[in-house]
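J.: According to this note's numbering, the sequence shown is numbered sequentially starting from 94.
Where is the CB? At the ideal position from N, CA and C, for every residue including glycine.
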Amino acid sequence: GIFRRASFSASNHELGDVVNGPPDLRLESMDARVLSQMGGTNAAAALPATARILFAGSPGTVFAMASVGDVLTSKLWEANYGAGKFFKDKIVLIGPTANLFQDFHRTPFRQDMAGPEIHLNIINAALTGNFLRESSRTVEALAVILSGLIAILLCLVVRQPLRRMAVTTVLCVAGLTIAWASFNFGKVVLPAIAPLAILFTGGLASLAYDFVLERLEKIKLKHTMGLYFSPRVLDAVLADPGSMKPRRAEVVLLLTDLRNSTPLAEKLGPDGMFKLLNQVFEAQTSAIMREEGNLEHFLGDQFLSYWGAPQPQPDAANRAERAALKLIEAMEKLRIGLPSEVQKLFGYGVALHAGSVLVGNKGSALRLDYGLVGDAVNEAARIEALTKYYGTKLLVSRPAYAQFSQQGARRLIDRVIVKGKSAPVELFEYQNPCTPLDYEALCRDYKVAYDDYFFGRYEVAAQKFETLTAKYSDGPSRVLAARSKTLQAKPIPYWNGIWSMEAK
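So, in structure tokens, the structure goes:
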């Protein structure tokens with residue numbers, strides 16, 4: 094080990110009864126005998142049995158060394174040592190320093206120290222009183238306990254992991270500084286390694302615990318939020334949590350509703366109805382998530398999703414358009430697989446609308462949901478309800494339609510004011526799995542008929558709409574034919590081509 098402590102005396106028993114005498118006979122070490130010779134008294138009686146010494150310096154830097162060969166050579170004896178004056182009033186120890194004798198020992202310094210030099214350091218410490226005082230085992234135990242308590246207190250008080258680790262590091266550096274100052278200026282060895290190791294290890298352990306806990310919380314949060322957001326949007330939200338703060342956003346909404354819920358529930362029973370609902374929601378969710386849309390809620394048999402929040406999506410409308418097509422395709426596949434008596438009752442409508450809404454966390458202290466609030470949501474619900482009125486699967490408002498970049502077969506269905514609103518909205522339909530094969534021809538003929546209706550040529554419009562109804566079994570044509578006849582019989586003064594809906 095490392096030599097730190099000197100022994101000045103020991104009992105005969107402690108030394109293994111090396112001399113004939115009683116076990117408690119005190120025997121002096123060589124260093125104590127040297128001191129006794131110098132003082133003429135029993136030095137062992139005035140010195141501790143063992144003591145931790147303070148070395149005078151590193152090997153070869155404090156005590157002069159003389160070669161025996163030089164001493165025994167007359168010329169060198171005279172030239173170098175003044176015929177002995179050099180050694181006057183000094184303690185001289187004679188011992189080997191050659192590597193051959195292997196009398197070198199580890200000390201607190203980097204270099205090993207020769208045995209004679211160690212003895213000189215011991216004698217020097219006794220003469221100068223350079224002994225180090227050591228803390229008791231009780232103090233060491235209390236220091237360890239205190240360090241553990243400080244580590245626990247830091248975990249409870251400083252909640253931010255990096256700040257806690259910084260405070261722990263500062264405390265450890267302060268502890269080392271105090272121990273260093275105590276050693277160099279007070280000759281007191283304070284317990285530092287074990288307490289500071291416990292404090293620092295506690296800091297690292299708490300940091301690791303917080304890291305693992307944070308990872309688990311993120312995994313849990315990602316799983317929970319994954320039920321509402323598409324994977325790509327979710328990654329963006331986790332990378333920028335500030336995007337979840339309440340704000341106003343421009344979004345594109347997709348709302349769908351299942352028709353005839355009450356008759357279906359009566360026909361299927363509770364188990365069958367919930368099984369059907371889950372199949373419907375699975376189809377809807379898959380279509381939305383594939384286009385990186387986000388789920389707002391399931392409300393009964395209603396499904397609301399959106400694009401454009403919490404992260405902006407420049408192509409939100411195009412994504413919503415594609416999602417609506419995939420949704421209708423999936424719903425039709427589901428309908429075909431149902432029993433014939435259930436197929437007759439199975440119906441749905443899909444609405445696309447765009448507008449400004451408030452987005453953010455809403456709810457109570459017990460439960461929060463990230464969602465939308467705004468008039469655009471209510472208007473989307475009104476538009477979806479009109480799919481049943483027109484007998485079509487899909488309706489798109491002008492604000493959403495205007496954002497489409499892809500142009501295909503589409504038609505303006507109607508211009509209406511939905512119930513509860515004052516501003517008119519234009520409703521469009523575009524080709525989807527439920528439209529006729531010759532949909533482009535229907536769109537052209539419907540536009541001609543609608544222009545007659547819009548400009549007040551009701552009789553001509555009614556005839557054209559009836560022709561389209563018979564040819565295509567077209568729901569909107571049936572509605573507009575009946576309305577044209579109503580307007581022909583009872584015209585509206587100052588007609589502007591906009592129809593006010595009296596029902597939701």
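(1) Specify, as a first and last residue, the run of the beta strand (DSSP E) that GLU384 falls within.
(2) Beta-carbon separation of SER228 and PRO284 under 8 Å?
(3) Under 7 Å Cβ to Cβ from ARG415, same chain only, skipping five residues before and after it: list those, please.
(4) Does the Cβ-Cβ distance between GLU121 and PHE96 come in under 8 Å?
(5) Taking LEU369 and LEU357 to be in contact with their CB atoms under 8 Å, please state how far apart those CB atoms are, rounded to whole angstroms.
(6) Find out if the Cβ-Cβ distance for the pair ILE476, LEU488 is shorter than 8 Å.
(7) Can you give me the C-alpha to C-alpha distance between ALA139 and VAL281, rounded to a whole angstrom?
(8) Quick check: the Cα distance between ASP110 and ASP163, rounded to an integer number of angstroms?
(9) Around the Cβ of TRP273, are there at least 16 other Cβ atoms within 10 angstroms (buried) or fewer (exposed)?
(10) State buried or exposed for ASN525, treating a residue as buried only when at least 16 other CB atoms are found within 10 Å of its CB.
(11) So SER570 and THR579 are in contact, right, with Cβ under 8 Å, and what is the actual spacing, rounded?
(12) Which residue spans inside the region 147–174 form an unbroken alpha helix (DSSP H) run of at least 4?
(13) Are the region 197–208 and the region 249–256 touching by the rule of at least three beta carbon pairs closer than 8 Å?
(14) How far does the alpha helix (DSSP H) with ALA563 in it extend, from its first residue to its last?
(15) Do ALA447 and ALA474 come within 8 Å of each other at the CB atom, strictly closer than that value?
(16) My understanding is that LEU347 touches ALA413, with C-beta atoms under 8 Å, so please give their C-beta distance in whole angstroms.
(17) Checking 8 Å against the spacing of the C-beta atoms, do SER379 and ALA423 come in under that value?
(18) THR349 lies in the beta strand (DSSP E); which residues open and close that run?
(19) Out of LEU418, GLN581, PHE276 and GLY241, point me to the one whose CA is closest to LEU264's CA.
(20) Which of the three DSSP states, helix, strand or coil, is assigned to PHE588?
(21) Cβ of SER449 within 8 Å of Cβ of GLU343?
(22) Can you tell me where the alpha helix (DSSP H) holding ALA99 begins and where it ends?
(23) Start and end of the beta strand (DSSP E) containing VAL489?
(24) Would you check if the distance between the CB atom of THR349 and the CB atom of LEU438 is smaller than 8 Å?
(25) Three Cβ pairs or more, each shorter than 8 Å: is that satisfied between the region 495–507 and the region 527–540?
(26) Give a yes or no on contact between the region 209–216 and the region 149–158, applying the rule of three or more CB pairs nearer than 8 Å.
(27) So, are the CB atoms of TRP592 and ARG576 less than 8 Å apart?
(28) For the region 191–269, which segments carrying the beta strand (DSSP E) assignment without a break, of at least 3 residues, lie completely within its bounds, in sequence order?
(29) Classify ARG308: buried if its beta carbon has 16 or more other beta carbons within 10 angstroms, exposed otherwise.
(30) Do you know how far the Cα of ASN214 is from the Cα of VAL266?
(31) When the Cα atoms are used, what is the spatial distance from TYR399 to GLN436?
(32) So who's on the other strand from TRP400, going by DSSP bridges?
(33) In the DSSP assignment, find the alpha helix (DSSP H) that holds GLY109 and state where it starts and stops.
(34) Could you check which residue in PHE224, GLU233, VAL237 and VAL305 has the C-alpha nearest to that of PHE278?
(35) Tell me the rounded alpha-carbon separation between THR221 and SER151.
(36) When you compare each of GLY296, ALA493 and GLN556 to GLY401 by their alpha carbons, which one comes out closest?
T.: Short version:
(1) Start at 1 with the first residue of the sequence shown, and residue 384 comes out as number 291. Where GLU384 is concerned, there is no enclosing beta strand (DSSP E), given that its DSSP letter is neither H nor E.
(2) One-based indexing of the sequence shown puts residue 228 at position 135. One-based indexing of the sequence shown puts residue 284 at position 191. The answer is yes: Cβ separation under 8 Å.
(3) By 1-based counting over the sequence shown, the position of residue 415 is 322. GLU384.
(4) Along the sequence shown, read from residue 1 onward, the residue named residue 121 stands at position 28. Along the sequence shown, read from residue 1 onward, the residue named residue 96 stands at position 3. No. Outside cutoff.
(5) If you number the sequence shown from 1, residue 369 lands on position 276. If you number the sequence shown from 1, residue 357 lands on position 264. Right, the Cβ-Cβ distance comes to about 7 Å (below 8 Å), so this counts as a contact.
(6) Counting from one through the sequence shown, the residue named residue 476 turns up at place 383. Counting from one through the sequence shown, the residue named residue 488 turns up at place 395. Yes, the pair counts as a contact, with Cβ atoms nearer than the cut-off.
(7) On the sequence shown, position 46 is the one that residue 139 refers to. On the sequence shown, position 188 is the one that residue 281 refers to. Each residue's alpha carbon lies about 20 Å from the other.
(8) Taking the sequence shown and counting its residues from 1, one reaches residue 110 at position 17. Taking the sequence shown and counting its residues from 1, one reaches residue 163 at position 70. Between ASP110 and ASP163, the C-alpha separation is close to 41 Å.
(9) As a first step, residue 273 is located in the sequence shown; it is residue number 180 there, counting from the start. With fewer than 16 Cβ atoms within 10 Å of its Cβ, TRP273 is classed as exposed.
(10) Working through the sequence shown from its first residue, we reach residue 525 at position 432. Answer is buried; the Cβ neighbour count reaches 16.
(11) In the sequence shown, residue 570 corresponds to position 477, counting from 1. In the sequence shown, residue 579 corresponds to position 486, counting from 1. With a Cβ gap of about 15 Å, SER570 and THR579 do not count as contacting.
(12) 161–165 and 167–174
(13) no
(14) Position 470 of the sequence shown, counted from the start, is the residue given in the question as residue 563. First-last of the alpha helix (DSSP H) with ALA563: 551–565.
(15) The residue labelled residue 474 in the question sits at position 381 within the sequence shown. The residue labelled residue 447 in the question sits at position 354 within the sequence shown. It is not a contact, given that the beta carbons lie outside the stated cut-off.
(16) Translated into positions along the sequence shown, residue 347 becomes position 254. Translated into positions along the sequence shown, residue 413 becomes position 320. Rounded, the Cβ-Cβ distance is 5 Å, consistent with contact.
(17) Taking the sequence shown and counting its residues from 1, one reaches residue 379 at position 286. Taking the sequence shown and counting its residues from 1, one reaches residue 423 at position 330. Contact flag set, yes.
(18) Here residue 349 is taken as the residue at index 256 of the sequence shown, counted from 1. 340–352 is the span of the beta strand (DSSP E), which, as asked, contains THR349.
(19) Position 171 of the sequence shown, counting from 1, holds the residue named residue 264. Of LEU418, GLN581, PHE276 and GLY241, the residue nearest in Cα terms is GLY241.
(20) What you label residue 588 is simply residue 495 of the sequence shown in a count that begins at 1. It should be noted that the sequence gives Trp, not Phe, for residue 588. It is coil, neither helix nor strand.
(21) Counted from its first residue, the sequence shown places residue 449 at position 356. Counted from its first residue, the sequence shown places residue 343 at position 250. A contact, by the Cβ cut-off of 8 Å.
(22) As a working note, residue 99 is residue 6 in the sequence shown. No alpha helix (DSSP H) contains ALA99, which is instead part of the beta strand (DSSP E) from 98–100.
(23) In the sequence shown, the residue the question calls residue 489 occupies position 396. 487–490 is the extent of the beta strand (DSSP E) around VAL489.
(24) Along the sequence shown, one-based indexing puts residue 349 at 256. Along the sequence shown, one-based indexing puts residue 438 at 345. Not a contact, by the Cβ cut-off of 8 Å.
(25) yes
(26) yes
(27) Along the sequence shown, one-based indexing puts residue 592 at 499. Along the sequence shown, one-based indexing puts residue 576 at 483. In contact: TRP592 and ARG576 (Cβ atoms closer than 8 Å).
(28) 224–227
(29) Taking the first residue of the sequence shown as position 1, residue 308 is located at position 215. The residue in question, ARG308, is exposed, as its Cβ has fewer than 16 Cβ neighbours within 10 Å.
(30) Locating residue 266 in the sequence shown gives position 173, where the first residue counts as 1. Locating residue 214 in the sequence shown gives position 121, where the first residue counts as 1. Taking the straight line from one Cα to the other gives about 30 Å.
(31) The count along the sequence shown starts at 1 and reaches residue 399 at position 306. The count along the sequence shown starts at 1 and reaches residue 436 at position 343. Near 28 Å, if we compare the C-alpha coordinates of GLN436 and TYR399.
(32) For the purposes of this step, residue 400 is identified with residue 307 of the sequence shown, where counting begins at 1. Per DSSP, VAL345.
(33) By one-based count along the sequence shown, residue 109 stands at place 16. Unbroken run through GLY109: none, as it is neither H nor E.
(34) The count along the sequence shown starts at 1 and reaches residue 278 at position 185. Comparing Cα-Cα distances from PHE278 to each of PHE224, GLU233, VAL237 and VAL305, the minimum goes to PHE224.
(35) Taking the first residue of the sequence shown as position 1, residue 221 is located at position 128. Taking the first residue of the sequence shown as position 1, residue 151 is located at position 58. If you take the alpha carbons of THR221 and SER151, they lie about 17 Å apart.
(36) The count along the sequence shown starts at 1 and reaches residue 401 at position 308. Among GLY296, ALA493 and GLN556, the Cα nearest to that of GLY401 is on ALA493.
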